[in-house]
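Take -16 as the starting number for the sequence shown in the numbering used here and just add one per residue.
Positions of the beta carbon are idealized from the N, C-alpha and C atoms, including for glycine.
Predicted model only: the values in this text are computed from it and were never measured.
Below you'll find the structure, written out as structure tokens, and then a few comments.
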Amino acid sequence: MKKLLIIAATLAAFSSIKAQDDMDISMEVGYQSKYVFRGIGLADESMTVSIDAAFEDAYLGMWTNQPITGNIDNEFDFYGGMGFDVAEGISMDVGGTLYYYPESGPGTSTFELYAGF
């Protein structure tokens, strides 16, 4: 029930954003028979939901993995960043991601910065 409340609250927050011509909002719902992250199997059957918003060069979003079977903890990833051109034909993306595991206890969530060309 708690998982559904978090998903519903996130959906409500994004649905209240006023749509503008320059802003893109997208949502995806999916199913995975096995969730593997960085080579480690974290869950068998699971549902995934992602919500993304982009405005000009900036973006932010939320992705979640909700296991259907087993006693595996759920995961919420919150991310944001900015993409921009550094030269003709070369672009760069910088941002950060918070990996949040609400049922795993303190010290299990992590924050990572990233940059790429």
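Distance between residue j and residue i (C-alpha atoms, nearest Å)
{"i": "I51", "j": "E28", "result": "5 Å"}
{"i": "D5", "j": "F38", "result": "6 Å"}
{"i": "F61", "j": "S33", "result": "10 Å"}
{"i": "Y14", "j": "W46", "result": "13 Å"}
{"i": "T93", "j": "E71", "result": "35 Å"}
{"i": "D68", "j": "E11", "result": "28 Å"}
{"i": "I23", "j": "P85", "result": "19 Å"}
Contact set for residue i: own chain, Cβ-Cβ below 6 Å, skip 5 residues either direction
{"i": "S9", "result": "D35"}
Assigned secondary structure, residue i (DSSP; H/G/I helix, E/B strand, else coil)
{"i": "Y83", "result": "strand"}
{"i": "S29", "result": "strand"}
{"i": "S74", "result": "strand"}
Residue i: first and last residue of the uninterrupted beta strand (DSSP E) it sits in
{"i": "T47", "result": "41 to 50"}
{"i": "D5", "result": "D5 -> no beta strand (DSSP E), and no H or E assigned at all."}
Residue i: CB within 7 Å of a non-hydrogen atom of the ligand GDP
{"i": "Y97", "result": "Absence of the ligand GDP from the depicted structure is noted, as is the absence of any ligand whatsoever, leaving it without description."}
Residues near residue i by beta carbon distance below 7 Å, same chain, minus five either side
{"i": "A41", "result": "M65"}
Integer Cβ distance of residue i from residue j, believed to fall under 8 Å
{"i": "A98", "j": "I55", "result": "That belief does not hold up - the Cβ atoms of A98 and I55 are roughly 31 Å apart, past 8 Å."}
{"i": "F18", "j": "N48", "result": "Checking the sequence, you will find Tyr at residue 18 rather than Phe. With 8 Å as the limit, Y18 and N48 qualify as a contact, their Cβ atoms being about 5 Å apart."}
Neighbourhood of residue i by C-beta distance below 8 Å, restricted to the same chain and skipping five residues each side
{"i": "T80", "result": "D60, F61, Y62, F94, E95, Y97"}
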